[in-house]
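Working notes, structure below.
2 protein chains.
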Amino acid sequence: MNYNQLRNSIFEKKNFLCVGLDPDYEKIPNSLKIIPLTQFEFCKKIIDAVAPYCIAFKPNTAFFEERGIEGWASLERTIEYIKKNYPNHFTIADAKRGDIGNTAEAYAKTFLKNFNFDSVTISPYMGRDSILPFLKYKGKWSIVLALTSNESADDLETKKLQNSSTNFEEVINFTLKLGTKENTMFVVGATRPNDLKYIRNIIPDHFLLIPGIGAQGGNLMDVVENAWNKDCGILVNASRSIIFASSNDDFAEAAGAEAKKIAIGMSNFFR
Amino acid sequence: MNYNQLRNSIFEKKNFLCVGLDPDYEKIPNSLKIIPLTQFEFCKKIIDAVAPYCIAFKPNTAFFEERGIEGWASLERTIEYIKKNYPNHFTIADAKRGDIGNTAEAYAKTFLKNFNFDSVTISPYMGRDSILPFLKYKGKWSIVLALTSNESADDLETKKLQNSSTNFEEVINFTLKLGTKENTMFVVGATRPNDLKYIRNIIPDHFLLIPGIGAQGGNLMDVVENAWNKDCGILVNASRSIIFASSNDDFAEAAGAEAKKIAIGMSNFFR
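These protein sequence lines are chains A and B, in that order.
Every number in this note's numbering is 33 more than the matching position in the first sequence, counting from 1.
Every number in this note's numbering is 33 more than the matching position in the second sequence, counting from 1.
Okay, here's the thing in structure tokens:
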């Protein structure tokens, strides 16, 4: 999905919600655990329930990997299911891979070619070598961690360099030399509104993927005030607060209701 | 495997070689591709050939993931095979995962409990939250990226902070607050001998995992001069130069011969 398609999908739907699929096996209702590919079954029901109220899906690889081969099979089925049934939804592999050379190439191939995700999240610690192999895939996106929503982002991300920029700015700056707003986005947490505004000034045109709404406590109004641009320019992610809105057999309905609530809130920001 | 067991294994064998298992499918001899779980079959033959000449194995998750479910199954079989047949070899999941909270917990469980690796590599961009969940597993190790062997390590890792330490020092410093030499190691590339010496001075007692020998051009003598400590303190990794020493059906023999050559060089450093 390219920039204009994403932009148009957002404005047609008056929505910029990304639903994070973190199918923590322990939290999936027991009634689904008698079915093979439990995580896929769970995700499928969530996807169907929330699809009208979001424009993107973000499966988190960790929770699938934790279930071994069956989990990996569930991840394959989940992305296939989205691509087939909701081809206009943007897809993000939340993998936070961060390696170099032929290893990074293997990760890029896994997520952008084999699975055929639109995008993948990348950890930039090792520098531009960890991003370039992903940018070779035309029509695909690299979503680079800049400033995350956790407290220990202060251990490294917000530290000031001698050139007086912070590490997260440094990451943004070297990434800007590699890609454009058509193939790169940045992760910026919702829990730091001032920094969000600061980052929006540095990169007025790029999409930002913004986690931290919901379970992590970030506020939607703050996010919009600080990060909205003429093309919307933000994908706001919520995961647990939606998919585990209920721990009972009504989990899909509850997820749909929760996503709908957020979607209504979002629609108010469009004229 | 704990610190003393690792140390003793090194001194008994007069060896500190880690063999990186990067089973790039394209490079595996065609004769193996008619067998199911090709990557496992390849790794198994390499493992048997090199086991006498190394003290650790480091499967690289990227190359298994690239092959989907079958690759994931090969990774499972590979670690099982090492644990069963070479229980005194140290095992490293080279996964470079870097996430936080319940996601990091899922990754830790995957590699340290389910697969039962002795250790896993971690990307520290998000700070201490990305390391702590791994340290909860007693008897297991977190191997944190500090200074890597690639050129673009200069994009972030070697940048100087206003407190005049570099980012890699910052990573070492916050990690030292979380763990000890009994459960944490650091990745430091062989391609930067001066920095290796500098890091050894900061952390005299920790094991360092040192890639960059072989295909990446680092020199074994330089590494030993700059990083050896009283307990050896270094695991030197070589991957491609060993496992793809031959692209023909004699690949295992060739790998064994290459590992043996390095092992002989290493044995000279022990009295």
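Idealized CB from N, CA, C, for every residue including glycine.
Predicted model only: the values in this text are computed from it and were never measured.
With its beta carbon at least 8 Å from every one in chain A, B/R225 lies outside the interface. Contacts with chain A at 8 Å (Cβ-Cβ) do not include B/W261.
Contact check between the stretch 174-190 of chain A and the stretch 151-163 of chain B: three or more CB pairs, one atom from each, fall below 8 Å, which counts as touching. For A/G298, there is no enclosing beta strand (DSSP E); the residue is part of the alpha helix (DSSP H) that begins and ends at F284 to S300. For A/R130, the uninterrupted beta strand (DSSP E) run begins and ends at F123 to R130, by DSSP. Taking a C-beta cut-off of 7 Å against chain B, the contacting residues of the stretch 93-120 of chain A are N93, A95, F96, E98, E99, G101, I102, W105, A106 and E109, listed in chain order. Residue environment: A/F303 is assigned as exposed (fewer than 16 neighbouring CB atoms within 10 Å of its CB, all protein chains considered).
Its chain contains M34, L39, S42, C51, I88, A89, F90, D151, S152 and L268 as the residues whose beta carbon lies nearer than 8 Å to that of A/F123, once the 5 sequence neighbours on both sides are disregarded; these appear in chain order.
Any Cβ of chain B closer than 8 Å to the Cβ of A/M159 would place that residue at the interface, and such an atom is present. Put simply, of B/L70, B/K46, B/V83 and B/N37 the residue whose alpha carbon is nearest the alpha carbon of B/A290 is B/V83. Put simply, the CB of B/Q195 is near chain A, with a gap under 8 Å to one of its CB atoms. Around A/M159, the same chain offers G131, D132 and I133 as residues with beta carbons nearer than 8 Å, after the five sequence neighbours per side are excluded. For B/A186, the nearest beta carbon of chain A is closer than 8 Å to its own beta carbon. Each residue's CA atom was taken as its position, placing A/A179 and B/Q72 some 35 Å apart. With the rule of 3 Cβ pairs closer than 8 Å, the stretch 54-69 of chain B counts as touching the stretch 260-278 of chain B. Secondary structure remark: continuous alpha helix (DSSP H) runs of at least 4 residues inside the stretch 65-143 of chain A, in chain order: 71-83, 94-98, 101-118 and 134-141.
Membership of B/F219 in the beta strand (DSSP E) is indicated by the continuous run T217 to V221. In the three-state reduction of the DSSP assignment, A/T208 falls in the helix class.
Relative to the Cα of A/F49, the nearest Cα in the group A/A285, A/N281, A/A287 and A/D264 belongs to A/D264. Around A/G131, the beta-carbon contacts reaching into chain B at under 9 Å are K129, R130, G131, S156, Y158 and L178.
Pairing B/N216 with B/L168 gives a Cβ-Cβ distance under 8 Å. Straight across, the Cα-Cα distance linking A/I205 with A/L242 is about 14 Å. Close to B/A292, with beta-carbon spacing below 7 Å, lies no residue of chain A; the smallest spacing is near 20 Å. At a cut-off of 8 Å between beta carbons, A/T71 makes no contact with chain B. Between B/E258 and chain A, the shortest Cβ-Cβ separation is not below 8 Å.
Under the Cβ criterion of 8 Å, A/E215 is not counted among the residues facing chain B.
A Cβ-Cβ contact shorter than 8 Å links A/G53 with A/A271.
Put simply, the backbone Cα of B/E99 is about 11 Å away from that of A/N135.
Around the Cβ of B/I68, a 10 Å sphere holds fewer than 16 other Cβ atoms; the residue is exposed. Non-local beta-carbon contacts of B/G172 in its own chain, meaning distances under 7 Å to residues more than five positions away in sequence, involve N35 in chain order.
In chain order, D188 make up the part of chain B whose C-beta sits under 7 Å from the C-beta of A/F207. Taking the Cα of B/A141 as reference, the smallest distance to any Cα among A/E103, A/E138, A/A95 and A/L145 is reached at A/A95. For the pair B/H239 and A/I112, the Cα-to-Cα distance works out to about 42 Å. Excluding the 5 residues flanking it on each side, B/I176 has same chain C-beta neighbours closer than 8 Å at I125, S152, V153, T154, I155, T217, M218, F219, V220 and L242, in chain order. For A/I232, the CB contacts under 6 Å within the same chain, skipping 5 residues up- and downstream, are V221 in chain order. Neighbours of B/E202 across chain A, judged by C-beta separation under 7 Å, do not exist; the nearest C-beta is about 11 Å away.
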